[in-house]
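Residue numbers (the numbering used here), protein chains in the order written: chain A, 8 to 190; chain B, 25 to 429.
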């Protein structure tokens, strides 16, 4: 799937800078200022997006560490404080469990998707070049079956663009995606 | 070494001459198309597209007109941008000039120019020759001059006459590039017969007398189909980013089932709603546009293209698909056979449906991604937007492959 945020943001910024902003009436100061801010906001998204996951993991790790230090706070006689520290400890435990499962950066996931797509494409090419009709047919069957399932999801993801002649017949993407595997 | 292991060495954004040479050798295609694709790859590592001022284009047009007329007794005015189309820049202007055989005239014209890299690498000279060849055969805008190598303008360009008309009713709904255009039934009834008649006339034009020096005629047999598959396989290799295993399956299927060419004809190659203008007061088609992908080939290519689901709309009953929003598919084929006097070979038609969807997928997913990511066009945001149709196209191919050869 190529129409990802990276491309979407880059092309939106270029359209704003090259075409839209130059066409804004300079007398309309509000429009001029806000259009520049939109460019800035999009550029910020482009910069932040790839590291957002690591940023959040990093923050959670430090929050957990800091929360651990609250155990040492003398709270005897302060019921409210004791209760809050107890609740913090429980929250810290849940957070630590989640953080322990955050071992793969989403960028690695897309890298593996691309890698497997490439290896499968190479296998298709090799099967074609082999001249072994049965092997080629079997490879093609597997690829077509896999592609149909994936294309259903690709189309559903892009449904808001309006290409589908009968969009009501296409399931919504949320119903098609498998739940994330449990740890 | 497997191709997967070798891939990281290939930088498609800065292609090496050796790699380009290897692709040319691996995929033999029509000579002028080979020249275009090679030029595209040689320019790939160059700068992206930067906005060009109207004044710059006006000066370029002036230089071209001066070169063609041999004098400067003309003036250019009313220059303004036109939208429409995903591939080329268009500027409307008026030329006040001494028109040969007519006298002093203020002629509305359009400059059609490539950006740094286009969603489809095509030749302005081929487009120029095709439009000229069909003057008087079907409605086309008059073509005046061609700057095939960008000698006068920033990029290769051609100048044609401004044709009156609209691509869709003023109050119609449609997506970008005319996809999903809704035509009211009363308009369909008038446009559909013209749509059929013009296609039959295009295919009936004698290619031998059409002055198409920028084209090569494929040999009898499977040569035409093979050129076509090689063309899009090569573009997929040149431009594709993320590998798609299904693309290899489609290519292999196409090669296993290459159809025989029975009679070479001019193929418009983008014959659909959105690519003709009509005048709203009388519903007459006033001009056929976008000839840039045209070639000498198989009529089934056009027939299959026109009937692609991407250009279809559903009838008012909410269920009957209409070819280009005009008529049901079976009715379209029947009317074409009647108008052209030639039969449609269902197997060849089926092959070209797969072929066309493959070429569209290559353009939209492969080239669309590459050039918008490199900032090569005047409307990267539109080109990127169009990549989203890839899933629909490939899904359609899966259905076609299921039907067999």
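For every residue, glycine included, the Cβ atom is placed at its ideal position computed from N, Cα and C. In this text the structure is predicted, and so the values were computed from the model without any measurement.
Under the three-state DSSP convention, the category residue i falls into
{"i": "residue 169 of chain B", "result": "strand"}
{"i": "residue 123 of chain B", "result": "strand"}
{"i": "residue 161 of chain B", "result": "coil"}
{"i": "residue 8 of chain A", "result": "coil"}
{"i": "residue 187 of chain A", "result": "coil"}
{"i": "residue 114 of chain B", "result": "strand"}
{"i": "residue 26 of chain A", "result": "helix"}
{"i": "residue 151 of chain B", "result": "helix"}
{"i": "residue 170 of chain A", "result": "coil"}
{"i": "residue 57 of chain B", "result": "helix"}
{"i": "residue 39 of chain B", "result": "coil"}
{"i": "residue 68 of chain B", "result": "coil"}
{"i": "residue 124 of chain A", "result": "helix"}
{"i": "residue 339 of chain B", "result": "coil"}
{"i": "residue 240 of chain B", "result": "coil"}
{"i": "residue 32 of chain B", "result": "Residue confidence for residue 32 of chain B is low, a pLDDT of 49 falling below 50, so the modelled location carries little weight; the figure read from the coordinates is stated next. Residue 32 of chain B: helix per DSSP, three-state reduction."}
{"i": "residue 107 of chain B", "result": "coil"}
{"i": "residue 182 of chain B", "result": "strand"}
{"i": "residue 100 of chain B", "result": "strand"}
{"i": "residue 132 of chain B", "result": "strand"}
{"i": "residue 111 of chain A", "result": "coil"}
{"i": "residue 245 of chain B", "result": "strand"}
{"i": "residue 190 of chain B", "result": "strand"}
Closer than 6 Å: residue i CB and nearest the ligand GTP heavy atom
{"i": "residue 80 of chain B", "result": "This structure lacks the ligand GTP; in fact it carries no ligand of any kind."}
Residue environment, residue i, which counts as buried when at least 16 other CB atoms sit within 10 Å
{"i": "residue 101 of chain B", "result": "exposed"}
{"i": "residue 171 of chain A", "result": "buried"}
{"i": "residue 232 of chain B", "result": "exposed"}
{"i": "residue 399 of chain B", "result": "buried"}
{"i": "residue 76 of chain A", "result": "exposed"}
{"i": "residue 419 of chain B", "result": "buried"}
{"i": "residue 403 of chain B", "result": "buried"}
{"i": "residue 86 of chain A", "result": "exposed"}
{"i": "residue 4 of chain A", "result": "Because residue 4 of chain A is not part of the residues shown, which for chain A are 8 to 190, the question remains open."}
{"i": "residue 328 of chain B", "result": "buried"}
{"i": "residue 121 of chain B", "result": "buried"}
{"i": "residue 260 of chain B", "result": "buried"}
{"i": "residue 318 of chain B", "result": "buried"}
{"i": "residue 173 of chain B", "result": "exposed"}
{"i": "residue 115 of chain A", "result": "exposed"}
{"i": "residue 129 of chain A", "result": "buried"}
{"i": "residue 427 of chain B", "result": "exposed"}
{"i": "residue 429 of chain B", "result": "exposed"}
{"i": "residue 157 of chain B", "result": "buried"}
{"i": "residue 410 of chain B", "result": "buried"}
{"i": "residue 343 of chain B", "result": "exposed"}
{"i": "residue 264 of chain B", "result": "buried"}
{"i": "residue 131 of chain A", "result": "buried"}
{"i": "residue 34 of chain A", "result": "exposed"}
{"i": "residue 247 of chain B", "result": "buried"}
{"i": "residue 66 of chain B", "result": "exposed"}
{"i": "residue 192 of chain B", "result": "buried"}
Within-7 Å CB hit, residue i to chain D
{"i": "residue 108 of chain A", "result": "Given the protein chain composition of this structure (A and B), no chain D is represented."}
*At a Cβ cut of 9 Å, what residues of the segment 26-55 of chain A count as close to chain B, listed as they run along the chain?*
26, 29
*May I have a chain-ordered list of the alpha helix (DSSP H) segments no shorter than 4 residues that lie completely inside the segment 343-415 of chain B?*
353-364, 370-385, 392-397, 404-410
*asked:* So if I threshold CB-CB distances at 9 Å, which residues from the segment 74-104 of chain B count as touching chain A?
replied: 74, 75
*What are the complete beta strand (DSSP E) segments, minimum 3 residues, inside the segment 267-333 of chain B?*
289-291, 300-303, 308-312, 319-321
*Could you say if the segment 224-231 of chain B and the segment 159-167 of chain B meet the contact criterion of at least three C-beta pairs nearer than 8 Å?*
yes
*Please list the residues of the segment 329-345 of chain B that have a C-beta atom closer than 8 Å to any C-beta atom in chain A, keeping them in chain order.*
333, 334, 336, 337, 338, 345
*Listed in chain order, which residues of the segment 235-269 of chain B have Cβ atoms closer than 7 Å to some Cβ of chain A?*
265, 266, 267, 268, 269
*Any residues in the segment 384-400 of chain B with a beta carbon nearer than 7 Å to a beta carbon of chain A? Which ones, in chain order?*
389, 393, 396, 397, 399
*Does the pairing of the segment 364-374 of chain B with the segment 252-267 of chain B give three or more beta-carbon distances under 8 Å?*
no
*Okay, do the segment 136-145 of chain B and the segment 387-395 of chain B touch, 3+ Cβ pairs below 8 Å being the bar?*
yes
*If we count Cβ pairs, one from each stretch, closer than 8 Å, do we get three or more for the segment 181-195 of chain B versus the segment 163-173 of chain B?*
yes
*Chain-ordered residues of the segment 410-422 of chain B with a beta carbon less than 8 Å from chain A*: 411, 412, 413, 414, 415, 416, 418, 419, 422
*Does the count of Cβ pairs from the segment 355-371 of chain B and the segment 214-221 of chain B closer than 8 Å reach three?*
yes
*Is the number of C-beta pairs between the segment 281-300 of chain B and the segment 168-186 of chain A that are closer than 8 Å three or more?*
no
*Closer than 9 Å, Cβ to Cβ, to anything on chain B: give me those residues from the segment 172-190 of chain A, in chain order.*
172, 173
*Okay, do the segment 146-166 of chain A and the segment 309-329 of chain B touch, 3+ Cβ pairs below 8 Å being the bar?*
no
*Count the C-beta pairs between the segment 72-88 of chain B and the segment 133-141 of chain B that are closer than 8 Å, then say yes if the count reaches three, no if not.*
yes
*If contact means a Cβ-Cβ distance below 7 Å, which residues of the segment 112-140 of chain A contact chain B?*
121, 124, 125, 126, 127, 128, 129, 131, 132, 135
*In chain order, which continuous runs of the alpha helix (DSSP H) of length 4 or greater are located wholly inside the segment 48-100 of chain A?*
59-76
*Please confirm if the segment 231-250 of chain B is in contact with the segment 91-108 of chain A, defined as three or more CB-CB distances below 8 Å between the two stretches.*
no
*What are the residues of the segment 128-154 of chain B that lie near chain A, defined by any Cβ-Cβ distance shorter than 9 Å?*
none
_Under 8 Å: do the segment 268-281 of chain B and the segment 33-46 of chain B share three or more Cβ pairs, one atom per stretch?_
no
*asked:* Residues of the segment 150-171 of chain A in Cβ contact with chain B at a cutoff of 7 Å, in chain order, please.
replied: 150, 151, 154, 155, 158, 161, 162, 165, 168, 169, 170, 171
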